[in-house]
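> Number 105 in UniProt numbering belongs to position 105 of the sequence shown; there are no gaps in the numbering.
For every residue, glycine included, the Cβ atom is placed at its ideal position computed from N, Cα and C.
Structure in C-alpha cells, see below.
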Amino acid sequence: MEAPAAARGPAEPPSGSASPADHPGSAPGTGITVTSPERMRDLGRRLAGLLRAGDLVMLSGELGAGKTTLTRGLGEGLGVRGAVTSPTFVIARVHPSLGDGPPLVHVDAYRLSGGLDEMEDLDLDVSLSDSVIVVEWGEGKVEELTEDRLQLRIDRAVGGTGRAGDDTAAGDTTDEVRHVTLTGFGERWAGADLSALAG
Ligand SMILES: Nc1ncnc2c1ncn2[C@@H]1O[C@H](COP(=O)(O)OP(=O)(O)OP(=O)(O)O)[C@@H](O)[C@H]1O
Ligand SMILES: [Mg+2]
C-alpha cells in the first residue's frame with residue numbers, strides 16, 4: 001500500500017487544464033476568479049454551505065492548482081475533525097463531523113486505476129451515501145459513481161513566460177490567480193445557483 005511521494009512524477013503531461021470542457025453540451029459552468037490561497041480556502045468554506053450527505057465533488061486541475069487548499073476550506077465549512085492535507089500516502093481519508101453533519105471523505109484518486117469500485121474495497125468506516133465525497137484526480141474514474149456531481153476545474157491564470165509586459169496580459173503577479181469553473185451535473189445541481197459562490 002505504501003507509495004512513494006514521487007508516484008506522480010512520470011504522469012502524462014499536465015495538459016488537462018487546457019482542454020475544453022468534457023461535456024460541452026451540458027451546463028456552461030460558473031467561472032470564479034480566485035486571487036490567493038486564502039480566498040481559495042474561503043471558496044471551499046462557502047461551497048460547504050451548499051453540500052449535503054451523498055454529494056460528490058470532483059476537483060480537477062494540475063499539480064499544485066489548489067485542489068487540496070479548497071478542500072481544506074470545505075472541511076472547515078463542514079466542521080469536520082482533522083487537518084485536511086494531501087492524501088498522497090492514502091487513497092482516501094475520512095474526516096468525521098464534529099457536529100451532526102456529514103463526514104468528509106477526501107479521496108486522491110491519482111493511483112486508483114479501477115475507478116470507484118476500488119473505493120468499496122478501501123474499508124472506509126463510513127457509507128459514501130452518508131458522506132460528502134471530494135475527489136482529486138477523479139476524472140474518468142468517478143463519473144460512473146453517480147449522475148449527480150459537482151465538478152470544479154481549477155486553472156492557473158495563463159502566465160506565458162510570466163514576464164510582465166509581454167502579450168499574455170499576465171505578468172508575474174498572477175502566480176496566485178486561479179480560475180475556478182464549477183459545473184453541476186444531474187438533477188441534484190440542476191437548480192443550484194453556483195454563481196452565488198462568486199461573492
Ligand atoms: N489562488 C490560489 N489558490 C490555491 N492555492 C494557491 C493559490 N495561489 C497559490 N497557491 C498555492 O498553490 C499550492 C496549491 O497546493 P494544493 O496542495 O492545494 O494543490 P493541489 O491541486 O491539491 O495539488 P496536487 O495535485 O499535488 O494534489 C499551495 O502551495 C498554495 O499556497
Ligand atoms: Mg492535492
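Quick one: is A53 near chain B, going by C-beta distance under 8 Å?
Among the chains in the structure shown there is no chain B, since it carries only a single protein chain.
> Which stretch, first to last residue, makes up the alpha helix (DSSP H) that contains E187?
Per DSSP, E187 belongs to the alpha helix (DSSP H) from E187 to A190.
> Pick from R72, L145 and G99: whose alpha carbon is nearest that of E38?
Comparing Cα positions, the closest option is R72.
> Could you pull the DSSP bridge partners for E136 from this structure?
For E136, which the question treats as bridged, DSSP gives the partners L59 and D108.
> Starting from the C-beta of T69, find all residues in its chain whose C-beta is less than 7 Å away, skip the five residues before and the five after it, and write them out in chain order.
Same-chain partners within the cutoff: P37, M40 and R41.
> Going by the CB atoms, is the gap between I133 and V34 shorter than 8 Å?
For V34 and I133, no; Cβs fall outside 8 Å.
> Nearest by alpha-carbon distance to S129: which of D55, L112, G99 and L74 is it?
S129 has its Cα closest to that of D55, out of D55, L112, G99 and L74.
> So does T68 have its beta carbon nearer than 7 Å to some heavy atom of ligand 2?
It does: the Cβ of T68 is within 7 Å (strictly closer) of some heavy atom of ligand 2.
> Confirm the yes/no value for this check: CB of T35, any heavy atom of ligand 1, distance under 7 Å.
Yes - ligand 1 has a heavy atom lying nearer than 7 Å to the Cβ of T35.
> Within 10 angstroms of its Cβ, does D155 collect 16 or more other Cβ (buried), or is it exposed?
D155 should be labelled buried.
> Taking DSSP as the reference, what is the three-state secondary structure of G184?
Correct three-state label for G184: strand.
> What three-state label does DSSP hand R153 in the structure shown?
DSSP places R153 in strand when its eight states are reduced to three.
> Where does R178 fall in DSSP's three states?
Looking at R178 - three-state DSSP - the assignment turns out to be strand.
> Any chance the CB of E136 is under 7 Å from a heavy atom of ligand 2?
Flag set: Cβ of E136 near ligand 2.
> If you draw a straight line from the C-alpha of G61 to the C-alpha of G99, how long is it?
The straight-line gap from Cα to Cα measures roughly 31 Å.
> Output needed for D76: all residues of its chain with C-beta closer than 6 Å, excluding positions within five of it in sequence on either side, in chain order.
For clarity, residue 76 is Glu in the given sequence; the question names Asp instead. Answer for E76: R45, listed in chain order.
> Tell me the residue span of the beta strand (DSSP E) that contains G75.
It is not in any beta strand (DSSP E) - G75 instead sits in the alpha helix (DSSP H) that spans K67 to L78.
> Nearest by alpha-carbon distance to V80: which of S131, L182, L145 and G64 is it?
Per the Cα distances, S131.
> With C-beta atoms as the reference, is R178 less than 8 Å away from G66?
Taking 8 Å as the Cβ cut-off, R178 and G66 qualify as a contacting pair.
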